[in-house]
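Enquirer: Provided herewith is a single structure, encoded as structure tokens, for subsequent inquiry.
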Amino acid sequence: MVIEQVGPHGHTVLRLRLEGAGTECRVGRDLGCDIVVDDDHAAPHHALLTLLEDGRVSVRDLGTRNGTRVDGERVPADAGAIVEQGEVIVGRTRLRVRTRHTPIGPERVFRRDFVRRHRTPLAAAGVSACVAYGGFLQWLDAPSSMLRSVAIAGLVALGLIALWAGLWALTTKLNHGSWHFRIHVAIASIGAAFCAWSYWVAGLVAFATQWSVLVRIGVAVVGGTALLALYLHLREATHYGRRVTLALASAATLVIGAIAWIMAIGGEDGDVNRVNLGPEVRLGAGRVVPNRDIADYLAEVEELKRDAGRERQKSLLSVPLADAED
Numbered sequence: 428m429v430i431e432q433v434g435p436h437g438h439t440v441l442r443l444r445l446e447g448a449g450t451e452c453r454v455g456r457d458l459g460c461d462i463v464v465d466d467d468h469a470a471p472h473h474a475l476l477t478l479l480e481d482g483r484v485s486v487r488d489l490g491t492r493n494g495t496r497v498d499g500e501r502v503p504a505d506a507g508a509i510v511e512q513g514e515v516i517v518g519r520t521r522l523r524v525r526t527r528h529t530p531i532g533p534e535r536v537f538r539r540d541f542v543r544r545h546r547t548p549l550a551a552a553g554v555s556a557c558v559a560y561g562g563f564l565q566w567l568d569a570p571s572s573m574l575r576s577v578a579i580a581g582l583v584a585l586g587l588i589a590l591w592a593g594l595w596a597l598t599t600k601l602n603h604g605s606w607h608f609r610i611h612v613a614i615a616s617i618g619a620a621f622c623a624w625s626y627w628v629a630g631l632v633a634f635a636t637q638w639s640v641l642v643r644i645g646v647a648v649v650g651g652t653a654l655l656a657l658y659l660h661l662r663e664a665t666h667y668g669r670r671v672t673l674a675l676a677s678a679a680t681l682v683i684g685a686i687a688w689i690m691a692i693g694g695e696d697g698d699v700n701r702v703n704l705g706p707e708v709r710l711g712a713g714r715v716v717p718n719r720d721i722a723d724y725l726a727e728v729e730e731l732k733r734d735a736g737r738e739r740q741k742s743l744l745s746v747p748l749a750d751a752e753d
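The sequence shown begins at 428 in my numbering and counts up by one.
Okay, here's the thing in structure tokens:
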């Protein structure tokens, strides 16, 4: 039989091979055990695994308070359990048991995914696209010293990509023992370049067509790209499964999106191109003279005309026009 101790991330941290009918493997915290576990929830002598003549394994609990479980089921203290394969839980430590009765699948063909296979050209293309975007923004601002501004933007882009990829490479080194720096550079640079250029193009098309919905589509594309990039980083750097990785990537994307939204709101007040229209003013509607007929208004107009004519005649009598003497 082969007994494998499983680590917290699902990878094997210890493998022990035993053969011969009657061979025993004692598991616990005591140094005299065959498999010594560093688990406060395990007893000094917790479980005993015995290889039987038919190739199966007898699992027996040694009278512990927390008990021993096989595939989630607690092992009876008096009878034990007979297994051909399965997972034995001692305290909070997981042990995988394999025997000659355990079916073995066919050999898997080694295939490298697209990012691994083309990591160097992808990293170069992504970094170039990020540097180009930084220089393009400086060109739009039309600074006095164009070359200096473009160089600074390129250096800032390179520094941010190197820092981000370096943190993920360090995580990969701690979990897998290798750096995989070029893979993380490719993921980070391609994701950042795609987010930046797609959002800018969406804003340009929305301005040209006056369709504001395109901006929301651009934001959705940026969010989806960030989610995919974080998912690939986590899959490359950790031992988590797909569901856990997707959940962590989704949570990180929401947090990054919230931080970006808060920063965008704070930056609007300092934007010189932003025009503050002030509070919205709404004029009230009211009837000045209700319940009056149109004939009443016309009568008043005629009366005003007559009064205006009389006043004009009085003014001419007191002060004649200058043309009257001629």
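Idealized CB from N, CA, C, for every residue including glycine.
In whole angstroms, give me the CA-to-CA distance for Gly447 and Glu511.
Expert: Here the alpha carbon of Gly447 sits roughly 15 Å from the alpha carbon of Glu511.
Enquirer: Hey, how far is the Cα of Cys622 from the Cα of Thr652?
Expert: 7 Å
Enquirer: In terms of residue numbering, what span does the alpha helix (DSSP H) encompassing Leu475 cover?
Expert: Run containing Leu475: none in the alpha helix (DSSP H); it sits in the beta strand (DSSP E), Ala474 to Leu478.
Enquirer: Could you compute how far the alpha carbon of Leu766 sits from the alpha carbon of Val648?
Expert: It is not possible to answer for residue 766, since the shown part of the chain is limited to 428 through 753.
Enquirer: Provide the residue(s) that pair with Asp488 in DSSP beta bridges, ordered along the chain.
Expert: Bridge partners of Asp488: Ala474.
Enquirer: Within a Cβ cutoff of 8 Å, which residues of the same chain sit near Gly668, ignoring the five residues on either side of it in sequence?
Expert: Gly437
Enquirer: On the criterion of 16 or more Cβ atoms from any shown chain inside 10 Å, does His528 qualify as buried, or is it exposed?
Expert: exposed
Enquirer: Thinking just about the alpha-carbon of each residue, which of Gly618, Ala664, Val671 and Leu657 is nearest to the one in Val682?
Expert: Leu657
Enquirer: Would you report the Cα separation of Thr439 and His545, rounded to the nearest angstrom?
Expert: Thr439 and His545: Cα-Cα distance of roughly 29 Å.
Enquirer: Just the Cα atoms here: how many angstroms apart are Asp753 and Arg733?
Expert: Caution is warranted here: a pLDDT of 46 is assigned to Asp753, below 50, making its placement in the model unreliable, and the coordinate value is therefore given only provisionally. In this structure, the straight-line span from the alpha carbon of Asp753 to that of Arg733 is close to 29 Å.
Enquirer: Hey, is the segment 451-460 in contact with the segment 500-511, meaning 3+ C-beta pairs nearer than 8 Å?
Expert: no
Enquirer: Look up Gln637 in the DSSP assignment and say whether it is helix, strand or coil.
Expert: coil
Enquirer: Considering just the uninterrupted stretch of the alpha helix (DSSP H) at Cys557, what are its terminal residues?
Expert: Arg546 to Asp568
Enquirer: Measuring only the C-alpha atoms, how far is Pro435 from Ala559?
Expert: 42 Å
Enquirer: Which residue comes first and which comes last in the beta strand (DSSP E) that contains Ile588?
Expert: Segment Met573 to His603 is the alpha helix (DSSP H) holding Ile588; no beta strand (DSSP E) there.
Enquirer: Pick helix, strand or coil for Ala664, following the three-state DSSP scheme.
Expert: helix
Enquirer: Between which two residues does the beta strand (DSSP E) carrying Glu514 extend?
Expert: Gly513 to Val517
Enquirer: Return the chain-ordered list of same chain residues with a C-beta closer than 7 Å to the C-beta of Arg453, the five sequence neighbours on each side being excluded.
Expert: Cys460, Asp461, His472 and Leu475
Enquirer: Apart from the five residues on each side of it in sequence, which residues of its chain come closer than 6 Å, Cβ to Cβ, to Ile516?
Expert: Arg496
Enquirer: Is it right to say Ala619 is buried, meaning 16 or more other beta carbons lie within 10 angstroms of its own, or is it exposed?
Expert: buried
Enquirer: Leaving out five residues before and five after His660 in sequence, what residues of the same chain have Cβ atoms less than 7 Å from its Cβ?
Expert: Here the set comprises Trp595, His611 and Ile614.
Enquirer: Give me the Cα-Cα distance between Leu597 and Gly513, rounded to the nearest whole angstrom.
Expert: 34 Å
Enquirer: Bridge partners of Gly455, per DSSP?
Expert: Val463
Enquirer: Does Arg670 pass the burial test, meaning 16 or more other C-beta atoms within 10 Å, or should it be called exposed?
Expert: exposed
Enquirer: Write down the C-beta distance between Met428 and Val502 rounded to the nearest angstrom, noting that I regard them as a contact closer than 8 Å.
Expert: 17 Å between Cβ atoms; not a contact.
Enquirer: For Leu654, name the three-state secondary structure that DSSP assigns.
Expert: helix
Enquirer: Please state the DSSP three-state secondary structure of Thr450.
Expert: coil
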